[in-house]
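J.: In the working numbering, the protein residues as written are 60 to 181. We treat Cβ as the ideally placed atom computed from N, Cα and C, and that holds for glycine.
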Amino acid sequence: MKDTNTIALKAWNSETHMSEPTGELVSIHVIARSITPEKFARLLDNYLNYGGKGTNEGRLVGLHLRHTHRTLQRLVICFALGLIMGLSEQEHTDARNQTAIETAKKLAQMMREGELPMGMHI
Numbered sequence: 060m061k062d063t064n065t066i067a068l069k070a071w072n073s074e075t076h077m078s079e080p081t082g083e084l085v086s087i088h089v090i091a092r093s094i095t096p097e098k099f100a101r102l103l104d105n106y107l108n109y110g111g112k113g114t115n116e117g118r119l120v121g122l123h124l125r126h127t128h129r130t131l132q133r134l135v136i137c138f139a140l141g142l143i144m145g146l147s148e149q150e151h152t153d154a155r156n157q158t159a160i161e162t163a164k165k166l167a168q169m170m171r172e173g174e175l176p177m178g179m180h181i
C-alpha cells in the first residue's frame, strides 16, 4: 500500500544532474501543523517553479481532492479564491503575469459583486 502521509525528500545531485532520494522521510501532518502562510507561499512558489507546473498539475491535485472530506473540499475552494483575491491586489504587471492578474481582478470583482455562486458556506 502506498504511503500517502509522508514525503520522501530529494536533493539535487550535481554529478548526475538529477534530484535523488536522500532517504529522509517527512510527515505531511508535521509540515501542515508547522507551516505559516508565508512559508506556504514559498513552498507553493517553489513547487510551481520546479518543472513549470500549471493547469494540468492543478487539475491532478483537484482530482486527488475529490476523495477528501466534503468540508475540506469547500475549504479548498475558499482557499483558492482567497489566493486569487490576494493576487488581484497586485499593482504592477508585465507580459509574464498580465493576463493572470487581469483574470484574478475580474474574478475578484465577480466575487465582490455576487456574480459567482458563493453560497452561505464559501
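Quick check: the Cα distance between ALA70 and LEU84, rounded to an integer number of angstroms?
T.: Computed Cα separation, rounded: 12 Å.
J.: Classify SER147 as buried or exposed, calling it buried when 16 or more other Cβ atoms lie within 10 Å of its own Cβ.
T.: Classification of SER147: buried, given that the 10 Å Cβ count is 16 or more.
J.: Which residues does DSSP pair with PRO80 in a beta bridge?
T.: LYS69.
J.: Using the Cα positions of GLU97 and ASP104, report the straight-line distance between them to the nearest angstrom.
T.: Rounded to whole angstroms, GLU97 to ASP104 spans 11 Å at the Cα level.
J.: Exposed or buried, ALA154, counting other C-beta atoms within 10 Å across all chains shown (16 or more means buried)?
T.: Exposed, since its Cβ has fewer than 16 Cβ neighbours within 10 Å.
J.: How far does the alpha helix (DSSP H) with ILE87 in it extend, from its first residue to its last?
T.: Looking at the DSSP string, the run of the alpha helix (DSSP H) that includes ILE87 is 87-93.
J.: Alpha carbon to alpha carbon, what distance is there between ARG129 and LEU175?
T.: Taking the straight line from one Cα to the other gives about 20 Å.
J.: Identify every run of the alpha helix (DSSP H) within the stretch 135-177, keeping only runs that are complete inside it and at least 4 residues long; order them along the chain.
T.: 157-171, all fully within the stretch 135-177.
J.: In angstroms with no decimal places, state the Cα-to-Cα distance between ALA159 and THR95.
T.: Distance between the alpha carbons of ALA159 and THR95: 25 Å.
J.: What residue does the alpha helix (DSSP H) around LYS98 start on, and which one ends it?
T.: It spans 96-108 - the alpha helix (DSSP H) in which LYS98 sits, taken as one unbroken run.
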